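In UniProt numbering, the protein residues as written are 1 to 371.
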């Protein structure tokens, strides 16, 4: 029979005992939220199948795609895997790009391969192509020797120290040296005419990048350093990149000299000024390094680097990591090897850079943050 339950309000007609007992908060809470299974109002009993059937707990579901990417990102941030020296990458770099190397060949296979190579080298077509390559090498060497001295005698050491850029055939491309004063004057006035056309708003003559107007050789590299030094001394408003890649500026020349002496920037710090097309290292801007790194600034920078080496326990005569003295040829060789390794990484990973973290090349500057 249906009934009404006044349980939350206890009995309305019950007289309180004398004296009044202290309030029990636990029983009071139970009175407002009863745990009894009896309904508070009239209700009709429902069948058992109306209750939700308890399903057995399934196994932990696999994380979704976004969660997997996030977990891999955090794992890479903590562990920093070296994708550049993976076994697959080293295998691609060491293997021959044309011929496949067979592992553990038999004696018969080795003998058959030697006979095939003998027939291949004895072919008249192969001999003709080999001789043509030798002649092309000799002609390239003769052209390099012909252009081994620039127009200005004071630029000879720099001209010979800078390595040649390898061409499409693998041979070094020669830099054309100016031979006579007439050729130097023609280069200069050709450049000046096109420069004034652009300055006055006229259309300039397009010229192929393979044959640039080499006015720098005509003027002289050391002479450009001296001429630009006066210009930079009068120029203000420089921006530089800190170690995090953030732009700092505008800075006057005295601010850059102070930062150079404190080890915050150095000759490899990227800098930008007015009328510059893009960011460039300080030592690649004509006249900027001599204007900033004067003798007293270089003395202060050396003292700062000496103190930092003492703090880190590095001997003063040991160069910092990444600051070893290298020639232009060594730098070019390292850059070419690094590019080949990058291409091998992409080949090993189907043209996609491995991992979740995007490879970022932050601008590094100063001697404080090295090592």
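Yeah, the Cβ is synthetic: ideal placement off N, Cα and C, and Gly gets one too. None of the values given here were measured: they were computed from a predicted structure.
Review point. Can you list, in chain order, the residues of its chain whose CB lies under 7 Å from that of residue 459, leaving out five sequence neighbours each side?
Key: Absent from the model: residue 459. The displayed extent of the chain is 1 to 371, so no value can be given.
Check your understanding: Within the chosen definition, does the segment 270–277 reach the segment 215–228 through at least 3 CB pairs nearer than 8 Å?
Key -> Using a C-beta cut-off of 8 Å, the segment 270–277 makes no contact with the segment 215–228, since fewer than three inter-stretch Cβ pairs fall below that distance.
Check your understanding: Excluding five sequence neighbours on each side, which residues of the same chain lie with their C-beta closer than 6 Å to the C-beta of residue 252?
Key -> 236
Check your understanding: What is the rounded straight-line gap between the Cα of residue 317 and the Cα of residue 302?
Key -> 11 Å
Point to revise | Status (buried if at least 16 other CB within 10 Å, exposed otherwise) for residue 322 | key: Counting Cβ neighbours within 10 Å, residue 322 comes out exposed, since fewer than 16 surround it.
Practice item. Pull up the CB-CB distance for residue 151 and residue 225, whole angstroms please, since I reckon it's below 8 Å. Key: In this structure residue 151 is not in contact with residue 225, their Cβ atoms being roughly 16 Å apart against a cut-off of 8 Å.
Exercise for review: Starting from the C-beta of residue 329, find all residues in its chain whose C-beta is less than 7 Å away, skip the five residues before and the five after it, and write them out in chain order.
Suggested key: 163
**Study point:** Endpoints, the beta strand (DSSP E) within which residue 247 is located
**Key:** 247–251
Review point. What are the residues that DSSP puts in a beta bridge with residue 172?
Key: 166
Review point. Helix, strand or coil for residue 326 per DSSP?
Key: coil
Review point. In chain order, what residues of the same chain have a beta carbon less than 7 Å from the beta carbon of residue 229, not counting five sequence neighbours either side?
Key: 287, 290 and 291
Check your understanding: Given that a residue counts as buried once 16 or more other Cβ atoms are within 10 Å of its Cβ, and exposed if not, what is residue 331?
Key -> exposed
**Study point:** Which residues DSSP lists as bridging residue 241, in chain order
**Key:** 247
Practice item. Could you check the C-alpha separation between residue 149 and residue 177 for me, to the nearest Å? Key: In this structure, the alpha-carbon of residue 149 lies about 7 Å from that of residue 177.
Point to revise | residue 336 versus residue 102 - alpha carbon distance | key: When rounded, the distance between both Cα atoms is 28 Å.
Check your understanding: Closest to residue 258 by CA distance: which of 297, 82 and 198 is it?
Key -> Among 297, 82 and 198, the Cα nearest to that of residue 258 belongs to 297.
Check your understanding: Quick one: any contact between the segment 132–140 and the segment 100–120, if contact means 3 or more CB pairs under 8 Å?
Key -> no
Check your understanding: If we count the other Cβ atoms within 10 Å of its Cβ and call it buried at 16 or more, is residue 117 buried or exposed?
Key -> exposed
Review point. Under 7 Å between the Cβ atoms of residue 248 and residue 84?
Key: Cβ distance not < 7 Å, so residue 248 and residue 84 don't count as in contact.
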